[in-house]
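Undergrad: Before I ask anything, let me first share the structure, which is written out below as structure tokens.
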Amino acid sequence: MSPIVVEFSARQPDRLARWWADALGWDVHLGHRLDVRAGATGPTLRFTAADRGKDATNGVHLDLRSGTLDEQRLIVGRLIAAGARTTDVGQSGTAPWVVLADPEDNEFCVLEPRADYNGTGPLAAVVVRSPDPAEAARWWQEETDMVRAEPAPGFASLRPVSGYGTHLEFLRSADGPDGMLRVLPEE
């Protein structure tokens, strides 16, 4: 299993968990928690009840992988038909990725094909905004035993040691990972 959990605070956690399970082709696991997961290829998505709706852009979002531009278009069309909508988070009009929002307005991206994400499964990356991406990556590397990829200015990335599975990425931002999603180490 992946060493990270992405926790969604949701007004309708059952409905949102099923939506994400369908979106990713993963399974819903009911127990003392409402989790969606795909074994070792992705993090656990956990859904908890929230007493308020989303009121700002999340500091954590998911990036979905596509293998071709045609597949990217198919994924976007399928998710819009299932209740997602396009949204603007300040991306340029020429961005090669598509920004969508799930039924509870949580932003996520459907990426254009990128070789870096071959082997990730449908969920390429969990992306976290951070004032200090390098320091955040150092902390998470110690917590998860993931390995660091080559850093870039304002960006740091961790990958599973096996080379297969979802990446954990940190983008420089003045504000941190506030919002309705948060990332936790697996218990």
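Per my numbering, the sequence shown runs over residues 93 to 279.
C-beta: ideal position from N, C-alpha, C; glycine also.
Identify the residues that DSSP records as bridge partners of residue 261: which are they?
TA: The count along the sequence shown starts at 1 and reaches residue 261 at position 169. Note: residue 261 is bridge-paired with 219, 249 in the DSSP secondary-structure output.
Undergrad: By how many angstroms is the C-alpha of residue 95 removed from the C-alpha of residue 108?
TA: Position 16 of the sequence shown, counted from the start, is the residue given in the question as residue 108. Position 3 of the sequence shown, counted from the start, is the residue given in the question as residue 95. So the alpha carbons of these two residues sit roughly 22 Å apart.
Undergrad: I need the DSSP call for residue 181, collapsed to helix, strand or coil.
TA: Numbered from 1 along the sequence shown, position 89 holds the residue referred to as residue 181. Three-state DSSP puts residue 181 in coil, outside helix and strand.
Undergrad: From residue 246 to residue 134, what distance separates their C-alpha atoms?
TA: Within the sequence shown, residue 246 is the residue found at index 154, counting from 1. Within the sequence shown, residue 134 is the residue found at index 42, counting from 1. Straight-line Cα distance between these residues: approximately 24 Å.
Undergrad: Is residue 199 buried or exposed, if buried means 16 or more other CB atoms sit within 10 Å of its CB?
TA: Numbered from 1 along the sequence shown, position 107 holds the residue referred to as residue 199. With 16 or more Cβ atoms within 10 Å of its Cβ, residue 199 is classed as buried.
Undergrad: Residues in its own chain within less than 7 Å of residue 117 by CB, not counting five upstream and five downstream?
TA: For this step, residue 117 is matched to residue 25 along the sequence shown. The answer, listed in chain order, is 214.
Undergrad: Counting pairs of beta carbons, one from the stretch 170 to 186 and one from the stretch 224 to 236, are three or more of them closer than 8 Å?
TA: Between the stretch 170 to 186 and the stretch 224 to 236, the count of Cβ pairs shorter than 8 Å is below three; the stretches do not touch.
Undergrad: Given residue 161, which residues of its chain have a CB within under 8 Å of its CB, disregarding the five upstream and five downstream residues?
TA: Position 69 of the sequence shown, counting from 1, holds the residue named residue 161. Once the five neighbours on either side are set aside, the close Cβ partners of residue 161 are 204, 205.
Undergrad: Can you give me the C-alpha to C-alpha distance between residue 216 and residue 121, rounded to a whole angstrom?
TA: Taking the sequence shown and counting its residues from 1, one reaches residue 216 at position 124. Taking the sequence shown and counting its residues from 1, one reaches residue 121 at position 29. Cα to Cα, residue 216 sits roughly 21 Å from residue 121.
Undergrad: Please confirm if the stretch 183 to 197 is in contact with the stretch 156 to 171, defined as three or more CB-CB distances below 8 Å between the two stretches.
TA: yes
Undergrad: Spell out the partners DSSP gives residue 153 in its beta bridges.
TA: Your numbering for residue 153 matches position 61 in the sequence shown. Answer is 219.
Undergrad: Looking only at its chain, what residues have a beta carbon closer than 7 Å to the beta carbon of residue 125, apart from the 5 residues adjacent to it on each side?
TA: Position 33 of the sequence shown holds residue 125. So the list reads 138, once near-sequence residues are dropped.
Undergrad: Anyone know if the C-beta pair for residue 218 and residue 260 falls short of 9 Å?
TA: As a working note, residue 218 is residue 126 in the sequence shown. As a working note, residue 260 is residue 168 in the sequence shown. For residue 218 and residue 260, yes; Cβs fall inside 9 Å.
Undergrad: Rounded to the nearest angstrom, what separates residue 250 and residue 256 at their Cα positions?
TA: Residue 250 sits at position 158 when you count from the first residue of the sequence shown. Residue 256 sits at position 164 when you count from the first residue of the sequence shown. Distance between the alpha carbons of residue 250 and residue 256: 12 Å.
Undergrad: Between residue 265 and residue 123, is the Cβ-Cβ spacing less than 9 Å?
TA: Translated into the one-based positions of the sequence shown, residue 265 becomes position 173. Translated into the one-based positions of the sequence shown, residue 123 becomes position 31. No, Cβ-Cβ distance for residue 265 and residue 123 is not below 9 Å.
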